[in-house]
Amino acid sequence: MNDLTSILFRNVWWQYDVTDTSWFSIVYHWFNIAEGVAWVVFAILVLMRFLQHRKSKLELWYAFTFLLFGITDFREAWQQSSPLIWIKLLILIALLWLRKVMLTKLYPEAKLF
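In case it helps, our numbering puts the sequence shown at residues 739 to 851.
Here it is, written out as structure tokens:
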């Protein structure tokens, strides 16, 4: 049981090492940085849309959730761990719920964010 707890809640699965020249480490590291930048861009776009239309303050939470997800990707670029996976899952659930609210109630014409 202790092993299962460790795997689920404390395990470090991967850690970036600048001396590791394997293709996986290099691609995984830079992919997560690029992905983090993309999520931050979405956060900025949502914030800009809020500033323009001001339909709901819930949009601020939507932008903040995109930002948080981007931050977790920046963290993942250096270390992948069980706690990070759980945090990302919770943020993703919030992000998907907020997206549903945004696209159905506030911006039904929007297709992307």
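Just so you know, even glycine gets a beta-carbon here, dropped at the ideal spot from N, CA and C.
Please read these numbers as outputs of a predicted model, since none were measured by experiment.
For this session: Assign tryptophan 816 to one of three DSSP states: helix, strand, or coil.
Result: Walking along the sequence shown from the start, residue 816 turns up at place 78. Of the three classes helix, strand and coil, the one that applies to tryptophan 816 here is coil, per DSSP.
Exercise. Sorted by chain position, which residues of the same chain lie with C-beta nearer than 7 Å to tyrosine 800's C-beta, five sequence neighbours on each side aside?
Worked result: Working through the sequence shown from its first residue, we reach residue 800 at position 62. For tyrosine 800, where only same-chain residues beyond five positions count, the Cβ hits under 7 Å are Val784, Leu836 and Met840.
Exercise. Per DSSP, what kind of secondary structure is valine 750 in: helix, strand or coil?
Worked result: Along the sequence shown, one-based indexing puts residue 750 at 12. Strand.
Exercise. Does the Cβ of alanine 848 have 16 or more other Cβ atoms within 10 Å, making it buried, or fewer, making it exposed?
Worked result: In the sequence shown, the residue the question calls residue 848 occupies position 110. Its Cβ having fewer than 16 others within 10 Å, alanine 848 is exposed.
For this session: Under the assumption that threonine 810 contacts leucine 822 (Cβ atoms under 8 Å), give the Cβ distance between them as a whole number of angstroms.
Result: Residue numbering aside, residue 810 sits at position 72 when the sequence shown is read from its first letter. Residue numbering aside, residue 822 sits at position 84 when the sequence shown is read from its first letter. Between the beta-carbon of threonine 810 and that of leucine 822 there is about 6 Å, and that keeps the pair under the 8 Å contact cut.
Exercise. Histidine 791 to leucine 806, Cα distance in whole Å?
Worked result: Position 53 of the sequence shown, counting from 1, holds the residue named residue 791. Position 68 of the sequence shown, counting from 1, holds the residue named residue 806. Computed Cα separation, rounded: 23 Å.
Exercise. Alpha helix (DSSP H) containing leucine 789: first to last residue?
Worked result: What you label residue 789 is simply residue 51 of the sequence shown in a count that begins at 1. 761 to 791 is the extent of the alpha helix (DSSP H) around leucine 789.
For this session: Measure the CB-CB distance between alanine 815 and asparagine 770 and report whether it falls below 8 Å.
Result: Working through the sequence shown from its first residue, we reach residue 815 at position 77. Working through the sequence shown from its first residue, we reach residue 770 at position 32. Closer than 8 Å, so yes.
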